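Chemist: Last residue of the sequence shown: number 177 in the working numbering, and the count goes up by one each step with no gaps.
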Amino acid sequence: MIRRTVVALCVVLGLALVLSGCSASGDEVADDRLPDVTLAGFDGGEDVDLGEFSGPAVISLWASWCPPCRKEMPILEEFHAAYGDRITLLGIDFQDLQTEKARALVEEAGVTFALVSDQDGEISGKGAFPVLRGLPYLAFVDDDGSVTHVEAVKITSTDQLADLVGQHLGTTL
């Protein structure tokens, strides 16, 4: 009897998780604002108050321990070099305690766009960000600071990112 009750409870809990949606596919943004959090500038750079941040912008969450993030860092820099005068790019080094590896990645990719750190994961589950369970992750921010779209996605070309900007910010690049 107890075993059946436990099994039934597990099935109900599992079903509840499935129905509530455990992943953030990126199709909808529940809260369209960035969290009111100030993140420290990466490697001594300028701090950024996300609550005051506006676009049009793309925010990229990355970490040095994330293989797809490592691959897309040079692509993000290419995007910034090509479109940085029209679209702000902000990188957030998310929950990355490997400071030296992060610094080496940034240097190797020749990153010139703004970077901040969120070692403690302060933004996860706040504002427009869901509880973050994987990287890389993008957020698209419009002129008034509203987040129009969030998505876990691997960027493989500047054209792909330019297309996403067109879709989610209405800006043709």
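Think of the CB as a built atom: it goes at the ideal place given N, C-alpha and C, for glycine as much as any other residue.
Quick caveat, the model's predicted, so the values are computed rather than measured.
Does the Cβ of L101 have 16 or more other Cβ atoms within 10 Å, making it buried, or fewer, making it exposed?
Modeler: Here residue 101 is taken as the residue at index 97 of the sequence shown, counted from 1. By the neighbour-count rule (16 or more Cβ atoms within 10 Å), L101 is not buried but exposed.
Chemist: Taking the C-alpha atoms as reference points, what is the distance between E155 and L54?
Modeler: Position 151 of the sequence shown, counting from 1, holds the residue named residue 155. Position 50 of the sequence shown, counting from 1, holds the residue named residue 54. Taking the straight line from one Cα to the other gives about 18 Å.
Chemist: For A28, name the three-state secondary structure that DSSP assigns.
Modeler: Position 24 of the sequence shown, counted from the first residue, corresponds to residue 28. Note that A28 scores 39 on pLDDT, short of 50, meaning its location in the model is unreliable; the coordinates nonetheless yield the value given after this. A28: coil per DSSP, three-state reduction.
Chemist: Let me check understanding here. Comparing Cα to Cα, which of T103, L38, A113 and D124 lies closest to A190?
Modeler: Within the shown structure, residues of the chain are numbered from 5 to 177, placing residue 190 beyond reach of any answer.
Chemist: Give the straight-line distance between the Cα atoms of G131 and V157, rounded to the nearest whole angstrom.
Modeler: Here residue 131 refers to the residue found at position 127 of the sequence shown. Here residue 157 refers to the residue found at position 153 of the sequence shown. In a straight line, the C-alpha of G131 is about 19 Å away from that of V157.
Chemist: Would you mind stating whether D36 and S121 have Cβ atoms separated by less than 8 Å?
Modeler: Looking up residue 36 in the sequence shown gives position 32. Looking up residue 121 in the sequence shown gives position 117. Result no, Cβ atoms of D36 and S121 do not sit closer than 8 Å.
Chemist: For S68 and V110, what's the separation of their Cα atoms in angstroms?
Modeler: The count along the sequence shown starts at 1 and reaches residue 68 at position 64. The count along the sequence shown starts at 1 and reaches residue 110 at position 106. Cα to Cα, the separation comes out at about 9 Å.
Chemist: Since T160 and L173 are thought to touch, with beta carbons under 8 Å apart, how far apart are those beta carbons, to the nearest angstrom?
Modeler: Working through the sequence shown from its first residue, we reach residue 160 at position 156. Working through the sequence shown from its first residue, we reach residue 173 at position 169. 20 Å between Cβ atoms; not a contact.
Chemist: From the DSSP output, in three-state form, read off R37 for me.
Modeler: In the sequence shown, counting from the first residue as 1, residue 37 sits at position 33. It is a strand residue.
Chemist: State yes or no: is the C-beta of F98 within less than 8 Å of the C-beta of G138?
Modeler: On the sequence shown, residue 98 is found 94 positions in, with the first residue counted as 1. On the sequence shown, residue 138 is found 134 positions in, with the first residue counted as 1. No. Outside cutoff.
Chemist: Classify G95 as buried or exposed, calling it buried when 16 or more other Cβ atoms lie within 10 Å of its own Cβ.
Modeler: Looking up residue 95 in the sequence shown gives position 91. Classification of G95: buried, given that the 10 Å Cβ count is 16 or more.
Chemist: In whole angstroms, what is the alpha-carbon distance linking L93 and I63?
Modeler: The residue labelled residue 93 in the question sits at position 89 within the sequence shown. The residue labelled residue 63 in the question sits at position 59 within the sequence shown. Looking at the two C-alpha atoms, the distance is approximately 6 Å.
Chemist: Quick one: Cα of A118 to Cα of S58, how far?
Modeler: Counted from its first residue, the sequence shown places residue 118 at position 114. Counted from its first residue, the sequence shown places residue 58 at position 54. Cα to Cα, A118 sits roughly 14 Å from S58.
Chemist: Can you list, in chain order, the residues of its chain with a C-beta nearer than 7 Å to that of D146? Leave out the 5 residues immediately preceding and following it.
Modeler: Numbered from 1 along the sequence shown, position 142 holds the residue referred to as residue 146. If we look at D146 and ignore the five residues flanking it on each side, its Cβ neighbours are G59, P60, T152 and L173.
Chemist: If P39 sits next to F133, beta carbons under 8 Å apart, how far is it from one beta carbon to the other, in whole angstroms?
Modeler: Here residue 39 corresponds to residue number 35 of the sequence shown, with the count starting at 1. Here residue 133 corresponds to residue number 129 of the sequence shown, with the count starting at 1. Right, their Cβ atoms sit about 7 Å apart.
Chemist: Alpha carbon to alpha carbon, how far is A28 from P140?
Modeler: For this step, residue 28 is matched to residue 24 along the sequence shown. For this step, residue 140 is matched to residue 136 along the sequence shown. In this prediction, A28 scores a pLDDT of 39, lower than 50, which makes its location untrustworthy; no coordinate-derived value is stated.
Chemist: Take D148 and list the residues in its own chain whose beta-carbon comes closer than 7 Å to its own, dropping the five residues that flank it on each side.
Modeler: Here the question's residue 148 lines up with position 144 in the sequence shown. If we look at D148 and ignore the five residues flanking it on each side, its Cβ neighbours are S58.
Chemist: Here's the rule: buried if 16 or more other CB atoms are within 10 angstroms of the residue's CB, otherwise exposed. What is E76?
Modeler: Residue 76 sits at position 72 when you count from the first residue of the sequence shown. E76 comes out buried.
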